[in-house]
Amino acid sequence: MSEITIIKGEEFKIAVKKEIKRDDIFISEYRRAAVMLDEIAGALKETEKEKEVCSWKESDFENNIIAFCGERGEGKSSVMMSFANAVYEDKNKKNIIFEECKNLKNLKFAEPILIDPSLFDDVHNVLDIVLAKLFRRFCAYYEKDNQSMGEQARERLLNRFQTVYRYVSLINNQKQMLDDEFDYEGNITKLKKLGESSALKEELGKLVEEYLKVMGGYEKESQLLLAIDDLDLCSANAYRMTEQIRKYLIIPHVFIVISVKIEQLELCIREKNLKDFQEIYKNKEENIYGQLNREVEVMAERYVAKLIPKKRRIYLPKVQNFEEVHIVYKETQEGEKLWDSNEKKGFICAVLDLIYDRTGMRFLPEEGGSSYLLPNNLRDMISWMAVIAEMENPEGKDAVYLQNIKRFEKYFHEWTEDSLELYNGLTLQDIGNMKAFHLHRAARCILEEMRQDIDRKFAEQSETFITNQPAGFSQIMSCLENLKNRLMDMHKGASICQLRTLYTIKLNKFLRNSQSDEIVKFLGGYIWGKGFSGLIPAYGNTKIDRSRFSIGMVKAFNKILEKVDKNAEGLEIPEDVKRYTLSNIPGQNRESYIKAWTLLGLLSNPQNDKGEPQSLTDGALISGNRQPSNHIQISLENYLAGLCSLDFMYEKMGMSLLGIEDEEFQEVTAVLADKNQAGIQCARTIASNVDVALGVRGYCMKNRNYKERTKDETERSRRLAELFFKNVADYMEQQGMKYKSYDLDTFSVGATENGIYISELYAELLDLSIQDRELKNQQEESEQMEKALAEFRRNLEEIPEIWSPKSVRVVRRITSTGAESVKRNMDNLATAVRNYMWENKKQPEGLEVEGLCQLYERVMEGYLKGKRRQLPEEVKEEYERLAAVLDNMKTEADEN
């Protein structure tokens, strides 16, 4: 497991490690760099064996550059400096990073020379800095101990410095060199100067060799290490620096380590090339312009590849890819730990856990383990971590949680810089300050725009998010779920994450500000809405959804009251709910009635005339004239949303109309809240953390099937409800929030030791709903039967006064006994009889009205059970017997 220790106040300094340990997060990068350094040292040894190093055939040396590459803030400078320090300080190369190195064992390095490109200007350059630092160190060394070398050696080294400095000055004065080069009347001295400039590389190599002999105590194996930090940072002089490195510093006994963003360096080179070709760019032909752009880009890439071969590039890992990292944040090196991640987790999970610990808000990583909420470079990630770690530990106090959430919100807006795809020019912060209705509407418009953009890119046509229904929280959740698996754009992914974060912050501010009723109102009574459908499998072989079902409100209340208090008398079941009103609850068992109404409020939500879920904003379930809703919808989703605020049930149900005072209700719910703390806390955590809510739905959908046998559908309904609560608890535990399914499945009302099992109650309420549904279906079928039979009889018995004869085809004998076919023939027969009576003002001879009506009733019974249902053969025989009246009608018509 890797470990990283961060000291307060030193978070953003270059961290040079005294010793590289095995648990360093960059250990693999250090090892790769050591192997590369060893390869360069090996090539140097091979070169020294050949005596023709400076011959015309070998004018070049092995590339001596190692580059630590990456984006700004990924730790390039710290890694480069720590590596250079290890190379210099570890004289015998015993550190673990040198385990595979053979050629470095006997090499000793002089004190590294650090070069900061930001110091360069139009006058000074890399060679100036290197030469100046070498000379300064030599002077300091000599002043400290002037007896360490002989006068001859000192003079020889000073002469080397003077020679190289003269050459460097010469190449720095490019204009003077150019004037001398074309001065044809000049003398031989100018030609000598030109030769001296071309000898700079050789002379610099000799200077370094002489310098290392002196500074290394005349040890043959001494080497010089140059460390160049952020080579690409000074864009104005980047090309000039790289050219000097390429021309003059790739020499024996010199090793170069640099930190660089390769893409930025290529842009600098490309900029220089564009200036060189600016005359060609004046050509307006598009094909030449495009060709030149491509050529300039390729030239820059190849130039950088020659300077820094791809084999010598070490790309630092993204901070979001760090796995099993132990993070310690300390006051001082030896001081108190401000935060310790303790566990083997990735950097992302550790910081998200820290956010949860300080704010109570649970943000989850994406499926691949990354997070759009957090930055992807080390410097910014440490900044995030420092801000969160310095927050006060809440220790369960809502006031501290709220204070930390507000600090988090401020930093979140500063960090995102309002980069969200904006709605009507509004900033992310503007949208966050909106009331619920406008916030949901703005979020829906933003998500709809993303959906349309995805459709355009992939030539698809998905369902629009904009509907006639007002935008609500559950609709936003559906939009987020819909886009989740369609996103291919990191920018859009980040925007969606920002929206999720915005919602989570708003909900948690309600929660920690003791505004739990505002959470329920913000949700509108639903967490997932349509997304909850099918989360609990259908009832038997029917299409009845166990996830949400309709039931008569009074019947549901009576069932719940029975669970709360068996001795309490239930309400009278109304025959016509439109004329039914509720009375004040009685004094006897009064508390039981309040508890029953409260639990009904938790489980239920209103429905519209079409049987669809309805928002809580449309009024209480008991109307102003004390009339209860005819039907309500029961759902475990309603239960989770309702648990967020027991107090809100007073307003939701309209309990004041039942003679219940608010203070009396508060006394009862205070006891209920105390006895059901764990379940309430679990529900609030789900509802107030968007990432968790989305995760719960996905996990429950994936694991929704109960695979064991059950004795009947009632037991299966109970087992499926139990499974839902178990899935919720299992998922929460996976995310570091420990709850038991018992916490949700048991609602303690104080009357019984074990409380009410919600899964059992849910199954029994579903049974009542099924019974109501079956009874309703029977009534509808009966009414349809009576209406059809009455119409059939009227056509056979009543001689019409006004009638428009209809041409129908009636068969005497039927070949199919399918219910729909037989019914159609009998309807045609009745129409033919009516046509006959209109023309003849009498019934046809042999018409058996009662026989035909009895047969039609039998056919209708089969038809209502299924149009394709096959009827018995005797139906066919009876039809053919009764249809004989057609012969009489035909004979009479022929006679007339």
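In my numbering, the protein residues as written are 22 to 917. The C-beta atom is built at its ideal place from N, Cα and C for all residues, glycine as well.
Residues Leu152 of the same chain have their beta carbon placed closer than 7 Å to that of Tyr186, with the five preceding and five following residues left out of the count. A Cβ-Cβ contact shorter than 8 Å links Tyr760 with Cys703.
Secondary structure of Trp360 (DSSP, three-state): strand. Within its own chain, the residues whose Cβ lies closer than 8 Å to the Cβ of Asn146, once the five positions on either side in sequence are excluded, are Asn193, Asn258, Arg261, Met262 and Gln265, listed in chain order.
Of all alpha-carbon atoms in Glu231, Asn127, Cys122 and Ser391, the one lying nearest the alpha-carbon of Arg175 is that of Glu231. In the structure shown, Asp137 adopts coil according to DSSP, grouped into three states. Non-local C-beta neighbours of Ala853 in its own chain, meaning closer than 8 Å and more than five positions away in sequence, comprise Val829, Val831, Leu907 and Met910, ordered along the chain. Boundaries of the beta strand (DSSP E) harbouring Gly573: Arg569 to Gly573, taken from the DSSP string. Approximately 36 Å separates the beta-carbon atoms of Arg725 and Pro595; this is outside 8 Å, ruling out the contact. The C-beta of Gln244 has 16 or more other C-beta atoms within 10 Å across all chains shown, which makes the residue buried.
Within the segment 741–828, there are no complete beta strand (DSSP E) runs of at least 3 residues. For Lys366, the beta-bridge partners assigned by DSSP are Val346. DSSP places Arg477 in no beta strand (DSSP E) but in the uninterrupted alpha helix (DSSP H) bounded by Ala457 to Phe479. The way I'd put it, the segment 577–594 doesn't touch the segment 640–648; fewer than three beta-carbon pairs between them come closer than 8 Å. A contact is defined here as three or more CB-CB pairs under 8 Å, and the segment 493–502 fails this definition with respect to the segment 387–394. For Gln244, the enclosing beta strand (DSSP E) begins and ends at Ser243 to Ile249. Between the segment 687–696 and the segment 612–624 there are three or more C-beta pairs closer than 8 Å, enough to call the two in contact. Here the alpha carbons of Arg383 and Lys505 stand approximately 19 Å from one another. Within the same chain, Cβ atoms closer than 7 Å to the Cβ of Asn856 are found at Pro826 and Lys827, the five residues on either side in sequence being excluded. Taking the Cβ atoms as the reference, Ser568 lies roughly 6 Å from Gly555, within the contact range of under 8 Å.
Comparing C-alpha distances from Lys888 to each of Ser837, Glu804, Val37 and Pro821 shows the shortest one belongs to Ser837. For Glu435, there is no enclosing beta strand (DSSP E); the enclosing alpha helix (DSSP H) has its first and last residue at Asp419 to Thr437. Excluding its 5 nearest sequence neighbours in each direction, Met670 has C-beta neighbours in its own chain below 6 Å: Thr619 and Gly622, listed in chain order.
The segment 416–436 makes no contact with the segment 25–41; the number of CB pairs closer than 8 Å stays below 3. Looking at the DSSP output, Pro649 sits in a beta bridge with Ile643. Counting C-beta pairs closer than 8 Å gives three or more between the segment 657–667 and the segment 694–714, which meets the contact rule.
By DSSP's assignment, Pro627 forms a beta bridge with Ile653. Taking the Cα positions, Thr522 is about 8 Å away from Leu394. Here DSSP, grouped into helix, strand and coil, assigns Ile309 to helix.
Exclusion of the five residues before and after Arg93 leaves Lys282, Asn398 and Arg400 as the residues of its chain whose Cβ lies within less than 8 Å of its Cβ.
For the pair Gly367 and Val408, the Cα-to-Cα distance works out to about 19 Å. Per DSSP, the beta bridge partners of Gly839 are Gln891.
Secondary structure at Leu447: strand, using DSSP grouped into helix, strand and coil. Sequence-distant Cβ neighbours of Glu242 in its own chain, meaning closer than 8 Å and more than five residues away, are Asn127, Leu128 and Lys129. The bridge partners DSSP lists for Arg833 come to none. In this structure, the straight-line span from the alpha carbon of Asp788 to that of Leu661 is close to 21 Å.
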